[in-house]
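Here the structure is laid out as structure tokens; the discussion comes afterwards.
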Amino acid sequence: MEPPEVKYSLGAVSRIVPNTFGEPGQRTFNLVLESGEARCTVWLEKEQLFQLGIYLQEAVESLSDEDKARETQGKEPAWTGEGISLDFKVGQVMLNYDQDSNSFRMLAYE
């Protein structure tokens with residue numbers, strides 16, 4: 024099964040802000056990603072956000088000291104289009120590390 028088509032490629036993200044709203048047991052979670060004039064709010068389930076955090080922590084811990092000190096070689100520039108604001112609930116999210124560019128790539132699908 025092929026992954027869904029990417030509708031918006033934000034490129035290199037300059038800022039990621041995690042947010043939580045509500046009382047324990049009734050909370051909702053999102054990540055706000057910014058790239059150039061683009062802003063994308065992705066709503067996640069608690070478990071999705073937790074798994075992203077676990078993967079990110081384990082991936083960073085497994086990097087060599089050399090990789091940790093190495094500059095990121097961005098494969099994609101930041102968003103260069105007009106300002107857009109996206110807001111959607113994630114059905115599937117993937118995060119992977121690209122050793123060549125020393126960067127992470129996140130794909131989120133509705």
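Sequential numbering from 24 applies to the sequence shown in this note's numbering. Think of the CB as a built atom: it goes at the ideal place given N, C-alpha and C, for glycine as much as any other residue.
Discussion item. Distance check for Val55 and Pro41, CA to CA, integer angstroms please.
Written reply: 6 Å
Worksheet entry | Asp146 - containing beta strand (DSSP E), residue span | Residue 146 cannot be examined here, being either before or after the span of the chain that is shown, 24 to 133.
Worksheet item: In whole angstroms, what separates the C-alpha of Lys30 from that of Thr95?
Response: 25 Å
Practice prompt. Might you give, ordered along the chain, the residues of its own chain that have their beta carbon closer than 6 Å to the beta carbon of Ile107, omitting 5 neighbours on each side?
Written response: Ala61
Worksheet item: At what residues does the alpha helix (DSSP H) containing Val83 begin and finish?
Response: 69-85
Worksheet item: Cα-Cα, which of Leu75, Ile77, Gln115, Val36 is closest to Glu25?
Response: Gln115
Practice prompt. Measure the C-alpha to C-alpha separation of Pro100 and Leu33 and round it to an integer number of angstroms.
Written response: 8 Å
Fill in: Own chain residues within Cβ distance below 6 Å of Glu133, not counting five before or after
Phe111, Gly114
Worksheet entry | Sub-8 Å separation of Thr43 and Phe52 beta-carbons | yes
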